[in-house]
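Heads up: the protein sequence lines correspond to chains A, B and C, in order.
Just so you know, we're using numbering that gives the first Met the number 0 here: the first sequence kicks off at 0 and counts up by one.
Just so you know, we're using numbering that gives the first Met the number 0 here: the second sequence kicks off at 0 and counts up by one.
Just so you know, we're using numbering that gives the first Met the number 0 here: the third sequence kicks off at 0 and counts up by one.
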Amino acid sequence: MNWDDIKGLRYFIIYSILLIGFFIYSGMVGWLWFNPTKAEPVRGTGRSGHVYRYHK
Amino acid sequence: MADKIFNCPGCGAFNTAVLENTTLLVCKNCCGIVFENVDSGIKPVPARVPADWSFVQLNTTGEYDGNTFTVVGRVRLQLRNDYKNFWCCVLKNGKSLWMMESFASFAVFIPDWIAYNKGISHLHADASIRVRNLNLRGEYVEKCESVSYEGEIAHWKLFSPGFFFVQASRSEDDTAAFVVEKGEIECMLGKKVDVQKLNLKNIIAWNEWK
Amino acid sequence: MSGNNHNVSCPKCSAENQLRGKALTVALTCKACGTYFRTGKWNKAAAEFQHLKEYQAIPIGTRGKIDNFVYEVMGFVVKQETRYHFKWCEYLLFSPYRGYAFLSEYDGHWNFLWPIEGDPRNNIKVDDFNYEGAEYRLYQKYNAQVVFAKGEFFFDVLDVTESTVNSEFIAPPYMLALEKSNDSVLWCQGEYFKPKEIAEAFSIPLSKMPPRQGVGYTQPFNSSYSDKALILFSVLVFLTTLLAQLTMSSSAEDKVVFQHDYHDTDLQDQKMIATSSFDLTGGMRNVEFYIYAPVENNWFFTEFSLINDDTGDEYNFTEEVEFYSGYDEGYRWTEGTHTAEAILSMIPAGRYHINIYPEFNFNNHAFSVTVKRDVPVSTNFYLTAIGLLLFPAFYFVRKHYRERKRWSDSDYSPYYTEE
Chain A
0 MNWDDIKGLR YFIIYSILLI GFFIYSGMVG WLWFNPTKAE PVRGTGRSGH VYRYHK
Chain B
0 MADKIFNCPG CGAFNTAVLE NTTLLVCKNC CGIVFENVDS GIKPVPARVP ADWSFVQLNT
60 TGEYDGNTFT VVGRVRLQLR NDYKNFWCCV LKNGKSLWMM ESFASFAVFI PDWIAYNKGI
120 SHLHADASIR VRNLNLRGEY VEKCESVSYE GEIAHWKLFS PGFFFVQASR SEDDTAAFVV
180 EKGEIECMLG KKVDVQKLNL KNIIAWNEWK
Chain C
0 MSGNNHNVSC PKCSAENQLR GKALTVALTC KACGTYFRTG KWNKAAAEFQ HLKEYQAIPI
60 GTRGKIDNFV YEVMGFVVKQ ETRYHFKWCE YLLFSPYRGY AFLSEYDGHW NFLWPIEGDP
120 RNNIKVDDFN YEGAEYRLYQ KYNAQVVFAK GEFFFDVLDV TESTVNSEFI APPYMLALEK
180 SNDSVLWCQG EYFKPKEIAE AFSIPLSKMP PRQGVGYTQP FNSSYSDKAL ILFSVLVFLT
240 TLLAQLTMSS SAEDKVVFQH DYHDTDLQDQ KMIATSSFDL TGGMRNVEFY IYAPVENNWF
300 FTEFSLINDD TGDEYNFTEE VEFYSGYDEG YRWTEGTHTA EAILSMIPAG RYHINIYPEF
360 NFNNHAFSVT VKRDVPVSTN FYLTAIGLLL FPAFYFVRKH YRERKRWSDS DYSPYYTEE
């Protein structure tokens, strides 16, 4: 691999660096890009703690 | 060896011979024959060497095999589809060698003519040609239309125009130049050389091509 | 001596022609009438051509710089292949310091060719061979004739063209051309040039260059980097990704932060079980839920709500465990498992509890939940690897189709067999 090759591959190199960087970042924050568990986040309701909302 | 000075019988100009065994000395002024030592019975015809685009000239210097040389003469073969400039070079010890040039391609020959007895049928393009211990391959066969001389030359057989010139080589290294004239075949052996390695000096600067 | 002008008279119109090539010129076309004739002692008739001016992109006498050497256009010919009758243009170039060379142009694709010493095949007559590190393959073998000529030539271009068999071997962007007759064997090496490069070298407006059509037979698929470099870099980035994955996997905490077994009696009168609180540490990380339910020919369904004790943020999801088994024609069969896994991504650190909403069935009364923090996962790695390999995969698939197209005009295509 010489300088011309590196110049020619610059877009692939940039893309690879971004993708690997994103992969490492995702690994560090526990981000799964594809997750079969469909979790539904709900922002804080102000009723934090042990809230028993669903009684029989 | 001491230089020998000859008077041109045509114009009276002084011409210096530096080679050990000069075959032919052509007047630098009028192109007439100043001196000849020919035993073949062929008389060279005085003629000016036609102008071509060679950048080598008389007094060009160079190096080959660790020896410096100076160009002192030329035999120019005009072939049908090519040309060959055989530049006669003198080494410091007075011995000579031939530097063949054609379209910026160079080869250096030992000035020693060898008889080739295997017949002309062996000499054609792409044929396997064995000379001494060399296995060569025929590169081309060309008819020579004219021969012209310049300066001082040695160890050159004088051939009448109309002979066939054959070149055979082994890859980028060994090469042989054959002259086929009336059934007699003689050749010189040499090496192809990269012009850069010859380190030529005092060459013609064709400025329009720079 | 050298430097004198050379003049020859046209045998047809007697016009004086000054030879630019001096004594090197052995054939030329008359500047006045266009008749082709030889300067030597040849007993050959002069030839006349129909004027084909529109083919010529670079005028005679134009100088251009290629490989740092100045060349001048000495002659121009249009050649025609004798079998398929396709035509192409050839320019004879000259430099006193490099000798002669050729520029050939076909469908707007240019090749610069120069004579080389020796036989690149080492005198072994094969169609495929290696030369200077490149793999050459026979592309075409043909006879040709000159249908138009203009300018000066250092050889009888008509006679030489008609008497030689030409073989061309390619290793794009390079080529090796063999011109062989009874009297000569000449090897030339060539390289593909873009029209823009030729236009710039000879200071010709690009608009005057013939437009490029199709794929040139020596046109490189890609000239900006080598296949080897692409493969090497792809392997490098793959290994980097693999290394990152191994490092992240080995350094993952993979810690059980909660585990409990439940029975339907734990529900009491409620519809929901609230777990005790547990801590998720280490910033933003994933959380894995592992559910076990000893169901037999039955299912267990539950809804989970992971709740941050401090902020009240919830992450709701459902899981189902089902397992069936039986005997069919003497063979035992099973379907499903007793376990289920769920994973939540990007869960911030904090104190959490889980609200579980289980739905028990008739013969199932228990389940267990295990919660792990920061578990190693591999799906991102596979997706990254696919993402990285997309580029080289696309490159090589496209190259394959381009190569097929390149060889579609050849009688020696490796992609087609004779029917």
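C-beta atoms are modelled at their ideal positions from N, C-alpha and C, and glycine is treated no differently.
Model, not experiment: these values are computed from the prediction.
Once DSSP output is grouped into helix, strand and coil, what is the label at H121(B)?
helix
Element boundaries [alpha helix (DSSP H), containing S250(C)]
D226 to S250
Where are the beta strand (DSSP E) runs, 3 residues long or more, that stay fully inside the region 135-180 of chain B, in chain order?
163-168 and 173-180
Within 10 Å of its beta-carbon, does T81(C) have 16 or more other beta-carbons around it, so buried, or fewer, so exposed?
exposed
For S94(C), which residues in chain B fall below 7 Å Cβ to Cβ?
W208
In chain order, what are the residue ranges of uninterrupted beta strand (DSSP E) at least 3 long that sit wholly in the region 92-128 of chain C?
98-105 and 108-115
Can you check which of these residues, N1(A), I23(A), W2(A) and I5(A), is closest to T383(C) by C-alpha distance?
I23(A)
Start-to-end residues for the beta strand (DSSP E) that takes in H451(C):
An answer regarding residue 451(C) cannot be provided, because it is not within the stretch 0 to 418 covered by chain C.
Considering only their Cβ atoms, is the gap separating Y261(C) from I272(C) smaller than 8 Å?
yes
Taking DSSP's pairing of strands, which residues face D308(C) in a bridge?
According to DSSP, D308(C) bridges with nothing at all.
Buried versus exposed call for G61(B) [16 or more other C-beta atoms within 10 Å across all chains shown]:
buried
Could you compute how far the alpha carbon of P110(B) sits from the alpha carbon of H154(B)?
6 Å
Check whether the region 225-240 of chain C and the region 76-96 of chain C are in contact - that is, three or more C-beta pairs closer than 8 Å.
no
Looking at chain A, which residues of the region 356-380 of chain C have a Cβ within less than 8 Å of any of its Cβ atoms?
Y356, D373, V376, T378, N379 and F380
For V55(B), three-class secondary structure by DSSP:
coil
Start and end of the alpha helix (DSSP H) containing N379(C)?
T378 to R405
Alpha carbon to alpha carbon, how far is F34(B) from T22(B)?
8 Å
Determine the chain A residues that contact V236(C) at a beta-carbon separation under 7 Å, and present them in chain order.
S15 and I19
Taking 7 Å as the limit between beta carbons, can you name the residues of its chain near L197(B), skipping five residues before and five after?
G61, E62, Y63 and F105
Going along the chain, which residues of the region 251-263 of chain C sit with their C-beta nearer than 7 Å to a C-beta in chain A?
none
9 Å Cβ cut-off: residues of chain A touching F316(C):
T36, K37, A38 and E39
Between M247(C) and chain A, is the shortest Cβ-Cβ distance under 8 Å, so that the two count as touching?
yes
CB of K3(B) within 8 Å of CB of G150(B), strictly
no
Kindly give me the distance between the Cβ atoms of G74(C) and F152(C), rounded to whole angstroms, as I take these residues to be in contact under 8 Å.
5 Å
Determine the extent of the alpha helix (DSSP H) in which E199(C) is found, giving its start and end residues.
P194 to A200
Residues near L188(B) in its chain [Cβ-Cβ closer than 8 Å; skip 5 each side]
F108, I109, D111, I113, V130, R131, L133, D173, T174 and A175
Whole-Å CB distance - N285(C) paired with V374(C), under 8 Å assumed:
6 Å
Between the CA atoms of R350(C) and V255(C) - distance to the nearest angstrom:
14 Å
Close Cβ partners of G39(C) (< 7 Å) along its chain, the five nearest in sequence each way excluded:
V25
Check the Cβ of H121(B) against every Cβ in chain C and list those closer than 9 Å, keeping chain order.
The premise fails here: H121(B) is roughly 14 Å from chain C at the closest Cβ pair, so nothing lies under 9 Å.
Secondary structure of G215(C), DSSP reduced to three states:
coil
So with CB distances below 7 Å, who are the chain B contacts of R97(C)?
A103
What residue does the alpha helix (DSSP H) around W2(A) start on, and which one ends it?
W2 to G7
Our contact map puts F300(C) next to E358(C) with C-beta atoms below 8 Å; I'd like the distance itself, whole angstroms only.
4 Å
I'd like the span of the beta strand (DSSP E) that includes S162(C), first residue to last.
Not the beta strand (DSSP E): S162(C) falls in the alpha helix (DSSP H), residues V156 to S162.
Can you confirm whether L242(C), when its beta carbon is compared against all beta carbons of chain A, has any partner nearer than 8 Å?
no
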